[in-house]
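Take the sequence shown: its position 373, counted from the start at 1, is 1047 in my numbering, and no numbers get skipped.
Everything below concerns the one structure shown next.
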Amino acid sequence: MASTRRWFHQNIGGLEAEKLLLACGRDGSFLCRPSTNKVDYTLSVRKNGAVTHIKVLNRGDNFDLGFGGDPFPTLSSLVTYYMENELREKSGELIELLYPMNCKDPTTRRWFHGHISGTDSERLMLDKGKSGSFMVRESVTNPGNFVVTARTEDIIKHVMIRNIDGSFDFGGGTKFGTLTELVDHYRENPMVEKNGGTVLHLKHPMNSTKFTAASIKDRVTELQKESEICSGKDGFWEEFEQLQQQEYKHKYTKKVGLTSYNKHKNVFRNIVPFDHTRVVLTDGDPDDPKQDYINASYIDGEFSHEYIATQACLEETIVDFWRMVYSENTHVILMGMKLIEKGKKRCAQYWPDCDHSMKVGQFDIACNKETETQEFVLREFELRNNDEPEKGTRTVYHYQFIAWPEHGLPENVGSILGILHDINLKQKDYDYPIVVQCSNGIGRTATFIIIDMLLKIVQRKTLDCEIDVQKTVQHVRTQRANMVQLEGQYTFIYLALAHYIEMENFNPHVTSPPKPNVPTQPVAPAIPERPPPRNKNLTSNKNNIPHRPPPAIPSNNQHHPNNYQKTPNGGGPDIPPTPPPRNPSKPNGPPSLLGMRLVQDLPESPAPGTPPARPPPRGMKP
């Protein structure tokens, strides 16, 4: 929660705040705004169908509520603290800050980083920037204003942008109607420091990959524009290329998968699991290291070991596959491929035909039911371990997604959402890993897993939450190398999320969404609600938004990656860039001289009671 400050509304007063909270919010919804004296701030909170206003005093070097309580170094740290702890009026009545009433970002441009401290922006500039790099961020010490952070050689400068009555300037000189117009102007006209004479060139935007779920349509539009780094490429390519460069920094070992007695168990000799995340088969002879290996990796999602990513089965690994399914207590398998693709056998059939059974090692597997749709085949298996007959049989649901070509992407984005919806209905009664499988266990497998991860974040936190596709892929790549293999797959993750959010079509301010649309393809019957599973301890009950499954609705494929030509080097398909908007008319006045007020933004300090950055034991890594 501390990473965003979209609950701050710069240009509204008390009456507008009340109208907004009453029309779009619910009890517990809140926002923060400038107070009438233009120095202090006001928290406007909806409670019992009415709106209460609480003044936040600006003491110059700290903020407090004026009637007791500790001071806070920033407005954000104060709000974050009272979102996690009790806030009481002078009368003793409890006021809950539950649902931030967020406003839109002042721009959709990717150089806007939102709420990031001066210290963090400097670290980012020195680590990844170069002379001429710049970003724009919210001011930590002056809520409602913004800061340009720019690098000149090895010097980092912070320049305050004032936001007064909807116009933007640097404390003098020309005023601009939007933040975008201001930045576009000074990208063409370098700024000169009034006293020191330092020239600031805003040449190279340092782009953020983080955005709110509600703004994903704008983000996709920005990513479709031509990259400033490489002519003829777009923002999707740019983000994916950054991932590819970071991949080489991973120094995790893969010794077990590369041993001479395990090499033949890998479909591809160079795609093996990391030692620290590999699935270890524990039912064999502990003194025989040859018996514990399978090419499969644990993947942490919302909780630890939520998924297992694995390759296609070879004839000699079928027994190992069922050993893994049984020992991990898996009840759902998602296979993202056909047995034969482009005339070649890609996977050994490790299951029996419908109404038949087969014996695999110590296991008996029976296929009792098979249902086929245009996009997938659902099979129901009964799995029995003859070494443990007292445990009886176990039902395993096997989803084979057949609409994903080996070297392409599904034509229907909605089909991915539909099968994930169906799988999660099945899986919600089980607290064990879902096995996700494709030819190499890193392409289609990773795309399924990451889409599912991000959908669950949006479902739990609603459209006001922040998501970061690149960071999520990077997180998953620390658990299995090269997850999300192609640029087209990376683009497809964005399009699937955008399609889901567009179909949700509920008020982004309201955290209790309406009922979902009815899926167009068959889904499993609802399973009765189960008791809380082991280890799934969230940090706060107020974040437990009811699960809202994605609808399986046919997609609008206007921007589908398959509709565009592939790159000459044979990589993933590129989306053609959208023509950039016309430059705003240049304002009058000196083009390269402006008195700049340099500011020193303090880093945002964690407030007392702020939840730790690390999530619960089964939580997703930051």
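Note that CB positions come from ideal geometry on N, CA and C, so glycine has one too.
All of these numbers come straight from a predicted model, not from anything done at the bench.
Assigned exposure category for Thr793 - 16 Cβ within 10 Å defines buried: If you number the sequence shown from 1, residue 793 lands on position 119. With fewer than 16 Cβ atoms within 10 Å of its Cβ, Thr793 is classed as exposed.
At what residues does the alpha helix (DSSP H) containing Arg893 begin and finish? Here residue 893 is taken as the residue at index 219 of the sequence shown, counted from 1. Per DSSP, Arg893 belongs to the alpha helix (DSSP H) from Ile890 to Leu897.
Go to Lys831, then tell me how far its alpha helix (DSSP H) extends in each direction, as first and last residue. Indexing the sequence shown from 1 puts residue 831 at position 157. Careful: Lys831 lies outside any alpha helix (DSSP H), inside the beta strand (DSSP E) at Ile829 to Ile838.
For the alpha helix (DSSP H) containing Glu1049, list its first residue and its last residue. Locating residue 1049 in the sequence shown gives position 375, where the first residue counts as 1. Neither: Glu1049 is in no alpha helix (DSSP H) and is coded neither H nor E.
Residues near Glu989 by beta carbon distance below 8 Å, same chain, minus five either side: Along the sequence shown, read from residue 1 onward, the residue named residue 989 stands at position 315. Same-chain partners within the cutoff: Ala1022.
Contact belief for Ser872 with Lys831 at Cβ below 8 Å, rounded distance in angstroms: In the sequence shown, the residue the question calls residue 872 occupies position 198. In the sequence shown, the residue the question calls residue 831 occupies position 157. The question names Ser, but residue 872 in the sequence shown is Thr. Confirmed, Cβ separation roughly 7 Å.
Taking all protein chains shown into account, do 16 or more other C-beta atoms lie within 10 angstroms of the C-beta of Cys706, making it buried, or fewer, making it exposed? Residue numbering aside, residue 706 sits at position 32 when the sequence shown is read from its first letter. So Cys706 counts as buried.
Going by C-alpha distance, which of Tyr715, Met809 and Leu917 is nearest Lys729? Working through the sequence shown from its first residue, we reach residue 729 at position 55. Looking at the Cα atoms, Tyr715 is the closest of the given residues.
To which residues of the same chain is Asn1042 closer than 7 Å at the C-beta, ignoring the five residues directly before and after it? Reading the sequence shown from its first residue, position 368 is the one you call residue 1042. These residues qualify, in order along the chain: Glu1054 and Glu1056.
Where the beta strand (DSSP E) containing Phe808 begins and where it ends: Walking along the sequence shown from the start, residue 808 turns up at place 134. Phe808 -> beta strand (DSSP E) spans Ser807 to Glu812.
Euclidean distance between Cα positions of Phe808 and Phe820: Within the sequence shown, numbered from 1, the residue matching residue 808 stands at position 134. Within the sequence shown, numbered from 1, the residue matching residue 820 stands at position 146. Approximately 13 Å, taken between the alpha carbons.
With DSSP as the reference, label Met775 as helix, strand or coil. Here residue 775 refers to the residue found at position 101 of the sequence shown. Reduced to three states, the DSSP call for Met775 is coil.
Ser1186, buried or exposed, once every other Cβ within 10 Å from all chains shown has been counted against 16: To locate residue 1186, count along the sequence shown from 1; it is residue 512. Here the model assigns Ser1186 a pLDDT of 37, short of 50, so the residue's position is not dependable, and the following value carries that caveat. Looking at its Cβ environment, which holds fewer than 16 other Cβ atoms inside 10 Å, Ser1186 is exposed.
Distance, Cα to Cα, Asp858 vs Pro879? Here the question's residue 858 lines up with position 184 in the sequence shown. Here the question's residue 879 lines up with position 205 in the sequence shown. So the two alpha carbons sit approximately 11 Å from each other.
Among Gln916, Met998 and Gly1117, which residue has its Cα nearest to the Cα of Val1006? Here the question's residue 1006 lines up with position 332 in the sequence shown. Among Gln916, Met998 and Gly1117, the Cα nearest to that of Val1006 is on Met998.
Since I believe Phe842 is in contact with Arg1154 (beta carbons under 8 Å), could you give me their beta-carbon distance rounded to a whole number of angstroms? Position 480 of the sequence shown holds residue 1154. Position 168 of the sequence shown holds residue 842. Cβ atoms of Arg1154 and Phe842 stay farther apart than 8 Å, at about 45 Å.
Within its chain, find whatever has a CB closer than 6 Å to the CB of Arg680; leave out the 5 residues flanking it on each side and keep chain order. Locating residue 680 in the sequence shown gives position 6, counting from the first residue. Cβ neighbours of Arg680 beyond the five flanking positions: Asn776 and Cys777.
Boundaries of the beta strand (DSSP E) in which Ala1120 is found, first to last residue: Taking the first residue of the sequence shown as 1, we reach residue 1120 at position 446. Element bounds for Ala1120: not the beta strand (DSSP E) but the alpha helix (DSSP H), Arg1118 to Lys1135.
Do you know offhand how far Gln1159's Cα is from Thr933's? Here residue 1159 corresponds to residue number 485 of the sequence shown, with the count starting at 1. Here residue 933 corresponds to residue number 259 of the sequence shown, with the count starting at 1. Their Cα atoms are separated by approximately 24 Å.
Alpha carbon of Glu1049 to alpha carbon of Ile1090, nearest angstrom: Indexing the sequence shown from 1 puts residue 1049 at position 375. Indexing the sequence shown from 1 puts residue 1090 at position 416. For Glu1049 and Ile1090, the distance between alpha carbons rounds to 9 Å.
How big is the Cα-Cα spacing for Pro1188 and Asp994? For the purposes of this step, residue 1188 is taken as residue 514 along the sequence shown, with counting starting at 1. For the purposes of this step, residue 994 is taken as residue 320 along the sequence shown, with counting starting at 1. The pLDDT assigned to Pro1188 is 33, lower than 50, so where the model puts this residue is not dependable, and the model offers no usable value.
On the three-pair Cβ rule with 8 Å, is the region 1106 to 1117 touching the region 1001 to 1020? yes
What are the boundary residues of the beta strand (DSSP E) that Thr1067 is part of? In the sequence shown, counting from the first residue as 1, residue 1067 sits at position 393. Taken as a continuous stretch (DSSP letters only), the beta strand (DSSP E) holding Thr1067 covers Thr1067 to Phe1075.
Under 6 Å Cβ to Cβ from Ile790, same chain only, skipping five residues before and after it: list those, please. Looking up residue 790 in the sequence shown gives position 116. Arg811.
Considering Cα atoms alone, identify which of Tyr1000, Arg1118 and Asp735 is closest to Val1070. Here the question's residue 1070 lines up with position 396 in the sequence shown. The shortest Cα separation from Val1070 among Tyr1000, Arg1118 and Asp735 belongs to Tyr1000.
Note down, in chain order, each residue of its chain lying with its Cβ closer than 8 Å to the Cβ of Thr956, except the 5 sequence neighbours on either side. Locating residue 956 in the sequence shown gives position 282, where the first residue counts as 1. Counting only Cβ-Cβ distances below 8 Å, and skipping sequence neighbours, we find Asp966 and Ser1001.
C-beta neighbour in chain C for Trp911, strict 9 Å: The structure shown contains no chain C; it holds only a single protein chain.
Should Val1192 be labelled buried (16 or more other beta-carbon atoms within 10 Å of its own) or exposed? Within the sequence shown, residue 1192 is the residue found at index 518, counting from 1. With a pLDDT of 31 at Val1192, under the threshold of 50, the modelled position of that residue is not reliable, and the figure given next carries that caveat. Val1192 is exposed by the Cβ-count criterion.
With Ala970 as the anchor, note down where its beta strand (DSSP E) starts and where it stops. Sequence index remark: in the sequence shown, residue 970 carries index 296 (1-based). Run containing Ala970: Tyr967 to Ile973, per the beta strand (DSSP E) assignment.
Alpha-carbon spacing of Leu689 relative to Ile1097, whole angstroms: Your numbering for residue 689 matches position 15 in the sequence shown. Your numbering for residue 1097 matches position 423 in the sequence shown. If I take the Cα positions, the gap works out to 46 Å.
Distance between Arg952 and Val1034 (C-alpha atoms, nearest Å): If you number the sequence shown from 1, residue 1034 lands on position 360. If you number the sequence shown from 1, residue 952 lands on position 278. When rounded, the separation of the alpha-carbon atoms in Val1034 and Arg952 is 23 Å.
Tell me which residues share the same chain as Ala1040 and place their Cβ nearer than 6 Å to its Cβ, disregarding the 5 neighbours each side in the sequence. Here residue 1040 refers to the residue found at position 366 of the sequence shown. Once the five neighbours on either side are set aside, the close Cβ partners of Ala1040 are Ser1031 and Glu1056.
Give me the Cβ distance between Asn685 and Arg784, rounded to the nearest whole Å; I'm assuming they're in contact under 8 Å. Along the sequence shown, one-based indexing puts residue 685 at 11. Along the sequence shown, one-based indexing puts residue 784 at 110. Contact check for Asn685 and Arg784: beta-carbon distance about 24 Å, past the 8 Å limit, so the pair fails to qualify.
Which ranges would you report for the alpha helix (DSSP H) in the region 744 to 769 if only whole runs of at least 4 residues count? 749 to 758
Does the region 1125 to 1138 come within contact of the region 963 to 978, defined as at least 3 CB pairs closer than 8 Å? yes
Secondary structure at Thr984, three-state DSSP: helix, strand or coil? Your numbering for residue 984 matches position 310 in the sequence shown. DSSP places Thr984 in strand when its eight states are reduced to three.
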